Structures are given as structure tokens and as C-alpha cells.
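Student: Taking mature numbering (1 follows the signal peptide of the UniProt record, and there is no 0), I'd label the letters of the sequence shown as residues -22 to -1, 1 to 457. Ideal Cβ positions, reconstructed from N, Cα and C, are used throughout, including at glycine. Computed from a prediction, not measured in an experiment: that's the story for all the values here.
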Amino acid sequence: MATPLLLLELLCFSMALAGGAALRLELAHVDANEHCTMEERVRRATERTHHRRLLHASTAAAAGGVAAPLRWSGKTQYIASYGIGDPPQPAEAVVDTGSDLVWTQCSTCRLPAAAAAAAGGCFPQNLPYYNFSLSRTARAVPCDDDDGALCGVAPETAGCARGGGSGDDACVVAASYGAGVALGVLGTDAFTFPSSSSVTLAFGCVSQTRISPGALNGASGIIGLGRGALSLVSQLNATEFSYCLTPYFRDTVSPSHLFVGDGELAGLSAGGGGGGGAPVTTVPFAKNPKDSPFSTFYYLPLVGLAAGNATVALPAGAFDLREAAPKVWAGGALIDSGSPFTRLVDPAHRALTKELARQLRGSGSLVPPPAKLGGALELCVEAGDDGDSLAAAAVPPLVLRFDDGVGGGRELVIPAEKYWARVEASTWCMAVVSSASGNATLPTNETTIIGNFMQQDMRVLYDLANGLLSFQPANCSAV
């Protein structure tokens, strides 16, 4: 049986990567081809923000560089393009720091029409479904006790699918998201990113999805960048990764970039990669719960807010992480590449809105929100058609205050154009929403999530070896 050889191959692959292999991916915007209006982009971003959920249970009981195109989808996600198998079959996936599993829909999918009377199907995608049988390097991961160690490394593995013979047993994967679930089997294959050699990854070959229509905007699946064993970061033994995201309301043509591997920390310190020597703000990660899926997130020690020079009055412990129920964690603040707009826990959102309204009322720039937004965004101003006009309208920067872990603090200053969005020709609204909005339930309704809109035009470096997250203002369109 070939299974022991498969595990030996994976072990050797992991040892080889331990020296610091790297993946470099290019990100491009889907909206470049969709010709959406500004109002449509804001509406989509708002919808996607409300669809993002934290789930308290899954469905289941540098050396070298690699380049691959990623693009921003109309649903405000960043999508990678790459190939799976030998010969490579084209695939696309949403890049997500809030989950672990790497997966793609496979040719075993039931199309929606054929699945009408069945227990689910697959969503339409832009590319053909990946065909496991057409790849010379594809391997199914078994689930038997002797050879199925890989099947037990993560909570996404959901047990065994018996195929009628000892060689046909397969490790089942089940991943849950705010937009639905994905079910399939665990396999390994060669992943090829443009301008690079291939790497072998374990991934979910998904044959059934129950995902909200349009949630992945035609992509084939998801690439998880979380802390779990099956994420891309963990499989590459990466000690750091970073990204630089172009503004998706202003620049839908220039690519964004993602780098997974070693070497970016030195570049950030040197002010390279579009940073132009801009100051770097570094904060420690907060301690993660051990319970899944909360163990996969990147929590930050957020302790306060300011609107310009004015401190926002918050209840004590507004951002504290707590166990709301057995193995269910609420509160805290995390950073997420898959969430568009930032969600603030409701008391903090109300306090920030109140302080901004107080300041803006004096400038005379406040206007009612456009009716077509349906109340999704509450605070709006009349300004010009660029970020400079927000300053003229007296919109202050937002300051995020973090505990540095040694009795001091760190401040990250967010310019107005990174937390206000232009919704009409000269109307801008605060693109920060309450965690309690959109019919959110526990634990999402009590958790603060720093979304990708606030991270645009900023190099964001995850230093996993030292437990630090760094931010540097940058022109990401020029990286």
C-alpha cells in the first residue's frame, strides 16, 4: 500500500520547508472587470461584513520566492490564482486569516440543479472543478489507525468515509463559515504558483457546499492563513507572513500582494516594499483560547479608541475576551483579512459614533445617510470626491490603542479615508459597524473585528516567531 510513502513524502516536505521556503502571491481586484458603481461596492462590502460570523463549533464532532496572482472580489475579498496537480489545473481561492483549511471544489460536486433533491450541492465557480483523477501527484489521505496520522491533526477532519475496501477509506473534512459549510475529503497534491516551483499541500477536495450565494464570488474555494495545523502558513512552517492591500474603492486595477515565508521582517524594518521609510507600529498578539475555532484567530490587545485627540469614553473592559459558555469565547479584538468593514463591539461603536457626531456637528458637515443604504451606515458627511476632502470636512483620524504587554501602550493611527467610505459623489459615511448589527448572535455580536478596509495601503506583518503584529503605511499600488 502506498500510504506510508505518502506520509514519508509529507514529512520530508515539512522538514525541507523548515529552513524558510516562501510563497509570494500577487493580488488583483475582481471589481476591475465588473464595473461596479461606488454605491454598489459599498453595499456589497456592508453585506459581506454582516455575513461574516465567528462560529463556536465546526460541522465536524526564506529561501526562494513564489508568485501567484490574487485579486479582490466584488464581495470585498482577496482571491489567489494558482494551479493544483500535475499537470496543473487552474483554481482560485479566497485568502482568509480567519480560517485554516485549504480547499477547492472538486469534480465530484453535484451541481445546484442536480442537487435540488439531494443533501446540498456546489456553488457555481469561474473555473472548471478540480479533477482528482487527472493529476499524477494527487493522493487521498487515509483515515485508518496505522497510516492516517494526518487525518487527526486538525478539528476540520471529521472522521472516515468508508468506500467498501481498505484502500478506499478516506479522511472526511468539514469546515464551517459564517456563509455556510464545505464538506469533502482530505488529499494532497502539488500546488503551483506562477513564477515558482510547486509545493505539496494537504487540502480539502470538496464535493458538497452549503454556502450563501455569491459569498465566494466565483472562486473555487478558500486558502486559510490561520494558526491551525492545516493552514497554508502552518504547512509551510512559516515564521512570518505579510500583505499589502490596495484600496478597493479607489484602485481596482493595481494588484495587492501576499508573502508567506521568511525575510519580510528585515524589509519592513528597512522601510522597503512601498513603505518609503514610514513609521512602523508593532503590537503583541493577545493570548488565544485553546478551543477551536477561537484558537485559529489572530487576537490583538485592543484597549481603547480616540477620535483625533479626543479619547473615546468606553466601559471598562470593553474589548476583554471572555468565555461566554463552555468553549465559546466572546469579546476580544481580532484582525481578519476576510472581513470588509471593521466591527466594533456595540458599546464602543455607540461611543465612537457619539464622539464623532459631537466633533462633526461643530463643522456643519454632517448629513443624513443616503436612503438607499437602508440604515447600514449611520454617520455621514458632505465632502469632496477624495480623501483630502475628509480633512476639509473635519473628519479626524481614528486611533486604535493597544496594550504593549510591558505596562505601556501602542497607538495605530487610521486616516479618515481608511474608515470612511464615499457612498455618493460627495457623501462619505463611517465604514465601521456595530458587532450587534445584521442580526448577529453570540459570539460575533460581542467581538471586535478589524476588517480589510481599515488595513488598505498598509503593510501588515505577522511575526509568528515573536508573537508580534506590525503595521506600516505604504502605497500598496506601487509594491
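Which stretch, first to last residue, makes up the alpha helix (DSSP H) that contains T331?
Tutor: Counting along the chain, T331 sits inside the alpha helix (DSSP H) bounded by residues 324 to 341.
Student: Taking only the alpha-carbon atoms, compute the straight-line gap between E134 and L1 and give it to the nearest angstrom.
Tutor: Looking at the two C-alpha atoms, the distance is approximately 24 Å.
Student: Would you check if the distance between the CB atom of P65 and the CB atom of R117 is smaller than 9 Å?
Tutor: no
Student: Where do the ends of the beta strand (DSSP E) carrying S448 lie?
Tutor: 446 to 451
Student: Using three-state DSSP, classify V184 as helix, strand or coil.
Tutor: It is a strand residue.
Student: What span of residues does the beta strand (DSSP E) with V211 cover, start to end?
Tutor: Segment 210 to 213 is the alpha helix (DSSP H) holding V211; no beta strand (DSSP E) there.
Student: Let me know the secondary structure DSSP gives G99 once reduced to three states.
Tutor: strand
Student: What residues in its chain sit with their C-beta under 8 Å from that of A180, if we drop five residues either side in the sequence?
Tutor: L(-13), V80, V119, L128, L164, G165, T166, L208, Q213
Student: With a threshold of 7 Å on Cβ separation, who are the neighbours of K265 within its own chain once the five nearest residues in sequence on each side are excluded?
Tutor: none
Student: Report the residue from G429, S448, N444, F431 whose alpha carbon sits nearest the alpha carbon of V438.
Tutor: Distance from the Cα of V438 is smallest, within the candidate group G429, S448, N444, F431, for S448.
Student: To the nearest angstrom, report how far apart A41 and F171 are at their CA atoms.
Tutor: Note that A41 scores 32 on pLDDT, short of 50, meaning its location in the model is unreliable; the coordinates nonetheless yield the value given after this. Spanning the two alpha carbons is a distance of roughly 16 Å.
Student: Let me know the secondary structure DSSP gives residue 466 once reduced to three states.
Tutor: No answer is possible for residue 466: the residues shown for the chain start at -22 and end at 457.
Student: Looking at S198 and L105, is the spacing between their C-beta atoms short of 9 Å?
Tutor: yes
Student: Residues in its own chain within less than 6 Å of K305 by CB, not counting five upstream and five downstream?
Tutor: Its chain contains D269 as the residues whose beta carbon lies nearer than 6 Å to that of K305, once the 5 sequence neighbours on both sides are disregarded; these appear in chain order.
Student: CB T86 to CB F110, shorter than 9 Å?
Tutor: yes
Student: H235 and V457 look like a contact to me (Cβ under 8 Å); what is the Cβ gap, rounded to whole Å?
Tutor: Indeed, because the Cβ distance is near 5 Å, the residues count as touching under 8 Å.
Student: Check the C-beta distance from V391 over to H327 and give it rounded, since I have them as a contact under 8 Å.
Tutor: About 19 Å; that fails the 8 Å criterion.
Student: Taking DSSP as the reference, what is the three-state secondary structure of S111?
Tutor: The answer is helix: DSSP assigns S111 an H, G or I state.
Student: Could you have a look at C87 and say whether DSSP puts it in helix, strand or coil?
Tutor: coil
Student: Closest to residue 473 by CA distance: which of E395, C222, G342 is it?
Tutor: In this structure the chain extends from -22 to 457, so residue 473 is not present and cannot be described.
Student: Please determine, among A284, A371, G204, A311, the residue with the shortest C-alpha to C-alpha distance to R339.
Tutor: A371
Student: Taking Cβ positions, are L292 and S413 nearer each other than 9 Å?
Tutor: no
Student: Could you give the C-beta distance for V261 and R140, rounded to a whole number, given that I count them as a contact under 8 Å?
Tutor: The pair is not a contact, with the Cβ atoms about 48 Å apart (cut-off 8 Å).
Student: I'd like to know whether the C-beta atoms of T331 and F431 end up nearer to each other than 9 Å.
Tutor: No, Cβ-Cβ distance for T331 and F431 is not below 9 Å.
Student: How big is the Cα-Cα spacing for A132 and S59?
Tutor: 25 Å
Student: Beta carbon of F237, beta carbon of F219: below 9 Å?
Tutor: yes
Student: Assuming L312 and I427 make a contact with CB atoms under 8 Å, what is their CB distance in whole Å?
Tutor: 6 Å
Student: Alpha carbon to alpha carbon, how far is G182 from L446?
Tutor: If I take the Cα positions, the gap works out to 30 Å.
Student: Secondary structure at G130, three-state DSSP: helix, strand or coil?
Tutor: helix
Student: Would you report the Cα separation of R336 and E395, rounded to the nearest angstrom?
Tutor: 19 Å
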